[in-house]
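> Protein chains in written order, with my numbering: chain B, 3 to 410; chain W, 3 to 410.
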DNA sequence: CGGGCTTAGTCAAATAAATTGAGTTAGGGA
DNA sequence: TCCCTAACTCAATTTATTTGACTAAGCCCG
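#1: Where do the ends of the beta strand (DSSP E) carrying residue 150 (chain W) lie?
#2: So with CB distances below 8 Å, who are the chain B contacts of residue 156 (chain W)?
#3: Starting from the C-beta of residue 37 (chain W), find all residues in its chain whose C-beta is less than 8 Å away, skip the five residues before and the five after it, and write them out in chain order.
#4: Return yes when the Cβ of residue 54 (chain W) is within less than 9 Å of the Cβ of residue 77 (chain W), no when it is not.
#5: Using the beta-carbon of each residue, which ones in chain B are nearer than 7 Å to residue 7 (chain W)?
#6: If you follow the alpha helix (DSSP H) that residue 277 (chain W) is in, where does it begin and where does it stop?
#7: Mapping the DSSP letters down to three states, classify residue 397 (chain W) as helix, strand or coil.
#8: Which chain W residues are close to residue 352 (chain B), counting only those with a beta carbon under 9 Å from its beta carbon?
#9: Which stretch, first to last residue, makes up the beta strand (DSSP E) that contains residue 15 (chain B)?
#10: Taking the alpha-carbon positions, what's the residue 83 (chain B) to residue 22 (chain B) distance?
#11: Suppose the cutoff is 8 Å on Cβ atoms and the five residues either side in sequence are ignored; what does the same chain contact list for residue 65 (chain W) look like?
#12: How many angstroms separate the CA atom of residue 289 (chain B) from the CA atom of residue 221 (chain B)?
#13: Who are the near neighbours of residue 8 (chain B) in its chain, counting only those whose CB is closer than 7 Å to its CB and skipping five residues on each side?
#14: Over the uninterrupted beta strand (DSSP E) stretch that includes residue 376 (chain B), give me the two end residues.
#15: Can you pull out the residues from the segment 222-233 of chain B whose beta carbon lies closer than 7 Å to at least one beta carbon of chain W?
#16: Can you tell me where the beta strand (DSSP E) with residue 300 (chain W) in it begins and where it stops?
#17: Starting from residue 124 (chain W), trace the alpha helix (DSSP H) both ways and give me its first and last residue.
#18: What are the residues that DSSP puts in a beta bridge with residue 194 (chain W)?
#19: Leaving aside the five residues before and after residue 240 (chain W) along the sequence, list all residues of the same chain whose C-beta is less than 6 Å from its C-beta, in chain order.
#20: Which class does residue 95 (chain W) belong to by DSSP, given the choice of helix, strand or coil?
#21: What three-state label does DSSP hand residue 158 (chain W) in the structure shown?
#22: Is the segment 120-135 of chain B touching the segment 385-399 of chain B, taking contact as three or more C-beta pairs under 8 Å?
#23: Using a 10 Å radius around the Cβ and a threshold of 16 neighbouring Cβ atoms, would you call residue 2 (chain B) buried or exposed?
#24: Which complete alpha helix (DSSP H) runs does the segment 218-287 of chain W hold, if anything under 4 residues is left out?
#25: Just to confirm, are residue 405 (chain B) and residue 404 (chain W) a CB contact at a threshold of 9 Å?
#26: Establish whether the CB of residue 404 (chain W) and some CB of chain B are separated by less than 9 Å.
#27: Determine, using beta-carbon pairs with one atom in the segment 178-197 of chain W and one in the segment 149-156 of chain W, whether at least three such pairs fall under 8 Å.
#28: For residue 365 (chain B), count the other beta carbons within 10 Å of its own beta carbon; 16 or more makes it buried, fewer makes it exposed. Which is it?
#29: From what residue to what residue does the beta strand (DSSP E) around residue 373 (chain W) run?
#30: What does the alpha-carbon distance come out to for the pair residue 231 (chain W) and residue 309 (chain B)?
#31: Taking 7 Å as the limit between beta carbons, can you name the residues of its chain near residue 277 (chain B), skipping five residues before and five after?
#32: Give a yes or no on whether 9 Å exceeds the smallest Cβ distance from residue 195 (chain B) to chain W.
#33: Taking one C-beta from the segment 318-335 of chain B and one from the segment 237-256 of chain W each time, how about it: are there three or more such pairs within less than 8 Å?
#34: Below 6 Å CB to CB, which residues in the same chain sit around residue 183 (chain W) once its five sequence neighbours on both sides are set aside?
#35: For residue 319 (chain W), report the span of its beta strand (DSSP E) as first-last.
#36: Since residue 102 (chain B) and residue 81 (chain B) are thought to touch, with beta carbons under 8 Å apart, how far apart are those beta carbons, to the nearest angstrom?
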């Protein structure tokens, strides 16, 4: 439904715009700079600054001397005013981070996933971990805005439920948002791991409203997220980016879906590790259900390749080539100005994959004649998903969204 | 840049929202209905309605009697108040339509493309055709808001230039917007054929802000457009949807890019026709550069298949199967709630393709367990692109865009 | 070292939008 | 005919941004 807007919305939106600018600026912003950046009048910015100061969200820090005239008063975010918890429910590991308003990780925590534990028990363990995470710092609980939790897709966003991630047995339709909300007493935001990672990336990169990129997420499986005009695209059910069965051209491993060369099966760590074992590159056997062990072996495989093992390199390069084919299609379809790669499985193989990607995609992109398409590894490491989950909370509460102006 | 908003913007936006609702409603809307649909207050809607009446854009038509109380006054768009020209620059044909504000085609015109004529001469012919299109009706020129022109991608949107469509020789970097603007004295909007078609589809379908669909455009080649939240996604350079080299799995024709089974080469009419000729299904030879002839033969091929010719059917079904593979990937990536097919080459093969698509994609979509993904043929026929080009003009001038609330 | 200049930012009044509440209009039913 | 309801409008109020006058804080220069 196309809905109207009103003054209250405008006010809230403008305040969010200003707060967001201050929050994202490395070293604070003066009121004049905000005027330039927002297009708002002097007085409006002055009023909004006053309001945010009263709310305790921002602080007046030093002054910046300009060649002439009165020095500018720098406004900075008060990092200690609000916090957000981010959790990453990965089949191989549970990660928790506590972020302050400036986006700094204040505290973090890891927990092993107990495969036999059912959802109920796991939710209780997550709630306990979050409780510990907060209490181990001296932060007042009331300053915590909420909990963001990232899980493998697909998800039922409206119900806040995990539907049945391939690697988590017994997790068919678990209403994570409600149960975790009850257990913690905090607002809970559930989202896909890839979408969370894209939020983290969006936070780290320059915030420009004209940002268009796809985020390719490598974890136990593969997923993607799409960022258009500086916002993570949500799709009709918040399940954008299910690229596990993307076609990667001819040949390849036989996928469970009955076809060959699906992207997921071509680059999943567990598959590469199994091939590595059967080719005698890695020591075996590997228990495929023990994802911690798979991850370790995957790191070993990458290390071997880096050390010059030809067979290990060949395995990884075949995977990267298939990834390149999928990325080419994604870039051509979406007309992005960059593809960012990240996720738990990215760091060990990132450098190698990027080389293959650059070579494979040179002159391959349809929009190549109009503009460049950058290929980048995320600067964020293995915590990216949990950090992103916390960013979702911060963004939801604080950030200006284009739809935020509309009524209802 | 994240920019603020102000009251003036809100006012203009709300007015656009109301006008858009009235324009899209089949039989008009009363003020109360508008209040419900927009979330605005009684008085605001009353004021906006007054303003639009004064501008002559809407009319008070009849009254609707409700069980009790004062009857509702129906507001309808005044179709004759404004018009827009839509042009479709296709390698095989030039199409022109004149749309009124209600979206009805008031007048249309076709022109053969003269292959040997260069861009300059063609632009002059287009301008003449537009002049004729308007003057052949008794519509005042001042009521024409502008000209939308759809061309095969990729395009340079900022310069309003066609870059070099595969089928139009001599059209490297032609600044169509400027030259046509000078020739006609009207504002010109250049866009990709697939994006234009998506605009037309968006106009015809229920306008719901939660619309998410991909439009697959079959013309001389293949393209796509993406609609998210009721808006056509523009990408970083307005070149979303270059899916000509999408991978469609194993095998297939050898593409000019050196790989097999690219989507474009797999379903382009010219390729299917050539195969039809070489297999003796169609009479030959066919001059591949004469796209009118190719189109005719393509229709013949479809007719043969419909008449029961096994070889013709096999050709088309192989093409449809490859299209299905690409569509699966697109749907999974974008989490759309539907895929709409259309474009000049769609009508003859639509029914047949849809059957194949339905069968091929049943149980194939990752989001299938969350929600249905509809596969639909566009109800708009061969004029869809030209109509869409005109819709772009109307939308640009009249429709509320989420970004329209922001300053600058 | 004080006046002039420039830039940053605030106070107060004006403006413009939506909202609120009272009042009017137009029908149906008892 | 009177009462009730729903649709709509008029007038006053609220709330946001904007505009214009003013203050604050530094530098330059005579």
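No residue lacks a Cβ here, since even glycine has one placed at the ideal position from N, Cα and C.
Let me spell this out:
#1: 146-153
#2: 368, 369, 371, 372
#3: 43, 44, 47
#4: yes
#5: 12, 15, 16, 407
#6: 271-280
#7: helix
#8: Result: empty, since nearest Cβ-Cβ is about 22 Å, beyond 9 Å.
#9: That residue, residue 15 (chain B), is in no beta strand (DSSP E); its alpha helix (DSSP H) goes 9-26.
#10: 14 Å
#11: 73, 74, 75, 76
#12: 18 Å
#13: 409
#14: 376-379
#15: 226, 230
#16: Premise fails: residue 300 (chain W) lies in the alpha helix (DSSP H), 293-308, not in any beta strand (DSSP E).
#17: 121-137
#18: W:153
#19: 159
#20: strand
#21: strand
#22: no
#23: Chain B is shown only over 3 to 410; residue 2 (chain B) falls outside these bounds and no answer can be derived.
#24: 265-269, 271-280
#25: yes
#26: yes
#27: yes
#28: exposed
#29: Segment: none, residue 373 (chain W) is in no beta strand (DSSP E) and carries neither H nor E.
#30: 49 Å
#31: 317
#32: no
#33: yes
#34: 190
#35: Here residue 319 (chain W) belongs to no beta strand (DSSP E); instead the alpha helix (DSSP H) covers 312-336.
#36: 4 Å
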